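J.: Can you keep this structure in mind? I'll have questions shortly.
There are 2 protein chains.
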Amino acid sequence: MNAEIITIGSELLLGQIVNTNARFISEQLADMGINVYYHTAVGDNPNRLKAALEIAEKRANIIILTGGLGPTKDDLTKETLSLHLNRELVIDENAFRSIKLYFETTKRKMTENNRKQAYTLKGSHVLRNDHGMAPGMILTVNKHIYMLLPGPPKEMEPMFLTYGKEALFNQTKAKDKIISRVLRFFGIGEALLETKIEDLIDGQSNPTIAPLASDGEVTLRLTAKHHHLQTAQALLNEMETKILERVGTYFYGYDETSLMNELVKMIKEKNLTIACAESLTGGMFQQEITSIPGAGNILKGGIVSYTNEAKEKLLQVKKQTIDVYGVVSEQCAAEMAENVRTLLNADIGISFTGVAGPDTLEGKPVGTVFIGIALKGKPTSVELLHLGVNRDTNRFRSVKYGCYFLMEKLKK
Amino acid sequence: MNAEIITIGSELLLGQIVNTNARFISEQLADMGINVYYHTAVGDNPNRLKAALEIAEKRANIIILTGGLGPTKDDLTKETLSLHLNRELVIDENAFRSIKLYFETTKRKMTENNRKQAYTLKGSHVLRNDHGMAPGMILTVNKHIYMLLPGPPKEMEPMFLTYGKEALFNQTKAKDKIISRVLRFFGIGEALLETKIEDLIDGQSNPTIAPLASDGEVTLRLTAKHHHLQTAQALLNEMETKILERVGTYFYGYDETSLMNELVKMIKEKNLTIACAESLTGGMFQQEITSIPGAGNILKGGIVSYTNEAKEKLLQVKKQTIDVYGVVSEQCAAEMAENVRTLLNADIGISFTGVAGPDTLEGKPVGTVFIGIALKGKPTSVELLHLGVNRDTNRFRSVKYGCYFLMEKLKK
């Protein structure tokens, strides 16, 4: 079984957007043990899409198309496939109901072209869209499996994970079960991690081990294949144990989690509350906490103390501290963490102050960051980081380190 | 003249990396007025690359390949093209010298496979690599232009900009100048915007009009072609005027800007300062302001008032307001905006309170959002939104609406 991914949209060919859909689907198919030999991107042009389909049919069993399911005249994927396969389009009542509901909820007027989104290829298994209007679909015709997914990643990714993967698995009638598990590490570089498990990587066969570094984190994807699910599971467990014996101190979670997610879980389990004081991160830490549903139970709130004025007025940092040590200092970080904790009567206070860049501050180089952690009834600690020169990277790495340091402290 | 971009690398097909090269090159070619009809991604496999080349030759005049120029056994792009075109590979002395120099400078030992990188296709124009070892090249064979570029974006992008673009322009012998302009809209859906300019879209030829919707915004890319640059410019201006006559109220900026960027520009120009009180957005508005360098000059700071306690203690919202109207109310939003402005002595106070989801709050449905705007010396205003059911979307759309409403108010 091998697959080709055809992504449709002139915006790809104009370079307006990057093709994250091809990456996402490829990763998912790799997990399922399906080889991908080609990606094709084509514009909103029915003739060129038809030509791409004909080429794909010669070289792949599974053809996954994304994009072109929307309401506008440009969106022609279903229509083109309908003509190509000689299959009519029929309205899907469930999809139509949910489109109508969307317009009612948002109090907007539904236009005629929105109705177009409810049409699906006759005989296809419809994939519900929980984050938008256009449904997806999958069908087998002449030994080829065709899967149609919407273009916006926010709709496509959850659709594929929730409904698409299983539907595809059923249509392929595969015998081997393939399972995978991602181990996530923070605080260790990719090269060092690979060196520590070099013999395991070199000797890999089942499970396979795929390392990947991004955004200051390293992940290892383990994939095992066996017709007994339990055996595949045991193979994964065994390899995981071997890896964690070597680099377990840097391990923080499985699969699609994040440092913040693990931190929020830990704070919830311990029944604690947190308050935050952010300077260089400008609200990013709190924004990430609150992106997790139910954060209201642990986050009391916080202060974005971007100016000295805000540090003094809202956070009650002593003027003397700022005058003597500066805002980019251990002392200021400690006071910020302690004061925000006390002001909001929280169990945990965390603070971020530093130099994001591009300019230096108080003579301290770009990348200097202090993270303060105040726990009720415990001495306050401050960590110092020397990050790089890129402003965005410095900000989001500070947030990650904040999660990491706080988790380490809470574990003790 | 039309082009196809072939990106080579198994890591693309495994979903380990996203194909930013295809995006970058497409954008550059769009600027040059060269149409791109297809992107193809293929693995490190000479047979499948050869097949992709044969297909590309049938449908494109210009074939741009990236990746597979490195020193390892996997890197076979030059070798495959050499066999396919029956053109021998010869050592490029300049490239070889710079590879040797690189190893001397970094005090590392040069291995034999590094020499492989200095080979180029005979008769090609060599493109220097200022950020790595593998040179690029361009050559015309049988009416096709082939351009080979390295895979790592840090090498490929500067090579294309510094040497590749001009070399390609020379080989195409193009006469027409092509320019494009992106118009950005907020507060109107894609379907409605298209309906309002349907006749212009249907009648488009020069300039062309390409609509694109993402993250609650809609953009129109206008592209004009003419051998006189000034005439092309005039064609763009004329079409822009026609479009803005119809939907100008939703227009907010050109090309690679964002709502927040335009807002920060406007606040800077007016020499004002801002303070923020965020509930459902949890710091996202401030995080976005501070992602723009130099935000310290306009953002005084703010409060993330995620709990009622934080609203009362830090923001001094009256207990009575919360008891009588609730936190998801016009009254609470108004007080939040006014109080944060006064507390930080800023010119502008902005507040966000609402129901992000997934749970309802105070009996108000998910997606209910109030945005308060307090300007020094002016009456406070509050806007009510009915957004959708997705938590993430509700949060970032609230931030965008906040920018939009504030800009509208500042314009008056």
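Chains as they are written, first to last, in the UniProt record's numbering: chain A, 1 to 412; chain B, 1 to 412.
Cβ atoms here follow ideal geometry from the backbone N, Cα and C, with glycine treated the same way.
Please read these numbers as outputs of a predicted model, since none were measured by experiment.
Please name the residue in A/Leu-83, A/His-131, A/Asp-75, A/Gly-68 whose C-alpha comes closest to that of A/Ser-98.
T.: Ranking A/Leu-83, A/His-131, A/Asp-75, A/Gly-68 by Cα distance to A/Ser-98 puts A/His-131 first.
J.: Determine the closest residue to A/Ile-179 out of A/Lys-154, A/Ile-209, A/Val-324, A/Tyr-163, with distance taken between C-alpha atoms.
T.: It is A/Ile-209.
J.: Alpha carbon to alpha carbon, how far is A/Pro-150 from B/Glu-190? Give it in angstroms, no decimals.
T.: So the alpha carbons of these two residues sit roughly 16 Å apart.
J.: By a C-beta neighbour count over all protein chains shown, 10 Å radius and 16 as the cutoff for buried, is B/Val-324 buried or exposed?
T.: Counting Cβ neighbours within 10 Å, B/Val-324 comes out exposed, since fewer than 16 surround it.
J.: In terms of residue numbering, what span does the beta strand (DSSP E) encompassing A/Gly-301 cover?
T.: Where A/Gly-301 is concerned, the enclosing beta strand (DSSP E) stretches over 299-304.
J.: Examine chain B for any beta-carbon lying closer than 9 Å to the beta-carbon of A/Ala-30, and answer yes or no.
T.: Yes, A/Ala-30 lies at the interface with chain B (some Cβ there is under 9 Å from its Cβ).
J.: Nearest to A/Glu-288 by alpha carbon, out of A/Gln-117, A/Ala-95, A/Lys-400, A/Tyr-146?
T.: It is A/Lys-400 whose Cα lies nearest to the Cα of A/Glu-288.
J.: Going by beta carbon distance, what residues of the same chain come within less than 6 Å of B/Asp-255, once the five residues before and after it are set aside?
T.: Only Val-182 meet the Cβ criterion.
J.: Starting from B/Arg-391, find everything on chain A with Cβ-Cβ shorter than 7 Å and list it in chain order.
T.: Residues of chain A passing the Cβ test: Pro-293.
J.: Distance check for A/Ile-243 and A/Gln-171, CA to CA, integer angstroms please.
T.: Going from the Cα of A/Gln-171 to the Cα of A/Ile-243 covers about 35 Å.
J.: Considering B/Asn-394, what are the terminal residues of the alpha helix (DSSP H) in which it resides?
T.: Residues 391-411.
J.: I'd like the span of the alpha helix (DSSP H) that includes A/His-228, first residue to last.
T.: It is not in any alpha helix (DSSP H) - A/His-228 carries neither H nor E in the DSSP assignment.
J.: Is B/Gly-367 close to chain A, meaning its C-beta is less than 9 Å from at least one C-beta of that chain?
T.: So yes, B/Gly-367 belongs to the interface.
J.: If you follow the beta strand (DSSP E) that B/Glu-278 is in, where does it begin and where does it stop?
T.: Element bounds for B/Glu-278: 274-278.
J.: Examine chain B for any beta-carbon lying closer than 9 Å to the beta-carbon of A/Ile-197, and answer yes or no.
T.: No, no contact with chain B.
J.: Apart from the five residues just before and just after B/Thr-120, which ones in its own chain have a Cβ nearer than 6 Å to its Cβ?
T.: Excluding residues within five positions, the ones whose Cβ falls inside 6 Å are Asp-92, Val-126, Met-137.
J.: List the endpoints of the continuous beta strand (DSSP E) containing B/Pro-211.
T.: Note, B/Pro-211: beta strand (DSSP E), 208-214.
J.: Under a three-way DSSP split, which group does A/Glu-88 fall into?
T.: Coil.
J.: Identify the residues that DSSP records as bridge partners of A/Thr-40: which are they?
T.: Paired residues: A/Ile-6, B/Thr-40.
J.: Since B/His-125 sits in a beta bridge, which residues does DSSP pair it with?
T.: For B/His-125, which the question treats as bridged, DSSP gives the partners B/Ile-138.
J.: Counting only runs of 4+ residues fully inside the stretch 291-364 of chain A, write out the alpha helix (DSSP H) ranges in chain order.
T.: You should have 308-313, 319-325, 330-343.
J.: Spatial neighbours of B/Glu-157 within its chain, please: CB distance less than 7 Å, with the 5 preceding and 5 following residues excluded, ordered by chain position.
T.: Taken in chain order, the residues that qualify are Phe-24.
J.: Quick check on the DSSP output: the alpha helix (DSSP H) that includes A/Arg-97 runs from which residue to which?
T.: 93-105 is the extent of the alpha helix (DSSP H) around A/Arg-97.
J.: Excluding the 5 residues flanking B/Gly-302 on each side, which residues of the same chain have their C-beta closer than 7 Å to its C-beta?
T.: Result list for B/Gly-302: Ala-275, Cys-276, Ala-277, Glu-278, Gln-286, Val-340, in chain order.
J.: At the 9 Å Cβ level, is B/Ile-349 part of the contact set with chain A, yes or no?
T.: Residue 349 of chain B is actually Gly in this sequence, not Ile. No, B/Gly-349 lies away from the interface with chain A (no Cβ there is under 9 Å from its Cβ).
J.: Name the residues in the stretch 243-274 of chain B whose C-beta lies less than 7 Å from a C-beta of chain A; which are they?
T.: Against chain A - using a Cβ distance shorter than 7 Å - the stretch 243-274 of chain B contributes no residues.
J.: How is B/Met-133 classed by DSSP in three states: helix, strand or coil?
T.: DSSP places B/Met-133 in coil when its eight states are reduced to three.
J.: Run through DSSP, which three-state label would B/Glu-256 get?
T.: Residue state, collapsed to three classes: coil.
J.: Distance cutoff 9 Å, beta carbons only. Does A/Cys-332 sit that close to anything in chain B?
T.: Taking Cβ atoms only, chain B never reaches closer than 9 Å to A/Cys-332, which makes this a no.
J.: Under 9 Å between C-beta atoms, does B/Lys-300 make it to chain A?
T.: It does: the Cβ of B/Lys-300 has a partner Cβ on chain A nearer than 9 Å.
J.: List the residues of chain B that A/Tyr-306 touches, going by C-beta distances under 9 Å, in chain order.
T.: What A/Tyr-306 touches in chain B: Gln-286, Ile-289, Thr-290, Ala-295, Gly-296, Leu-299, Lys-300, Gly-301, Gly-302.
J.: Inspect the beta-carbon positions of A/Gly-15 and B/Leu-235 and report whether they are closer than 9 Å.
T.: No, they are not a contact pair.
J.: Going along chain A, which residues have a C-beta under 8 Å from B/Lys-50?
T.: Result: empty, since nearest Cβ-Cβ is about 13 Å, beyond 8 Å.
J.: Given that B/Asp-317 touches chain A, what residues does it touch there, using C-beta distances under 7 Å?
T.: The sequence given here places Val at residue 317 of chain B; Asp does not occur at that position. In chain order: nothing, as chain A lies at least about 12 Å away.
J.: Are the C-beta of B/Gly-388 and some C-beta of chain A separated by less than 9 Å?
T.: Yes - at least one Cβ of chain A is within 9 Å of the one on B/Gly-388.
J.: With a cut-off of 9 Å, does the C-beta of B/Gly-43 fall near any C-beta of chain A?
T.: For B/Gly-43, the answer is yes, since a Cβ of chain A falls inside 9 Å of its Cβ.
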